[in-house]
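To convert a position in the sequence shown, counted from 1, into this note's numbering, add 649. Every residue, glycine too, gets a C-beta built ideally from N, C-alpha and C.
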Amino acid sequence: MSGPTMVAFGIITVVNEWNEYLWPFLMSDDESVAPLPVGLTFLQQAEGITNWGPVMAVTLLAMLPILLIFIVLQRQMIKGLTSGAVKG
């Protein structure tokens, strides 16, 4: 009964932590230890000129794990979100 709710909570928490940007940006002073969202900003040059091919490739690679988790747990996620919204 609480399984789908816990799955929905878990997915939302994982996505929130996966997309964390500010704290890792402030703490990582080296590109080799930066997480993916911070590493994406290192791919952009200071002049505003960006080679979009590598940026889009890394964005796709960063998106794949979360997308796969959602596809696998999609039914439980929807059940968990709708179970709290249905009256009765």
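Pairwise C-alpha distance: residue j and residue i
i: Ile660; j: Ile718; result: 8 Å
i: Trp701; j: Val707; result: 10 Å
i: Thr731; j: Met705; result: 34 Å
i: Pro684; j: Pro714; result: 14 Å
i: Asp678; j: Val721; result: 36 Å
i: Pro686; j: Met655; result: 26 Å
Helix, strand or coil at residue i according to DSSP, with G and I counted as helix
i: Gln693; result: coil
i: Ser681; result: helix
i: Ala734; result: coil
i: Glu669; result: coil
Where residue i falls, given that 16 or more other Cβ within 10 Å makes a residue buried
i: Pro653; result: buried
Open item on the list: Whether or not the region 724 to 735 and the region 654 to 672 are in contact is what I'm after, with contact meaning three or more pairs of Cβ atoms, one per stretch, closer than 8 Å; do they touch?
Closed with: Look at the beta carbons and you see the region 654 to 672 touching the region 724 to 735: at least three pairs across the two are nearer than 8 Å.
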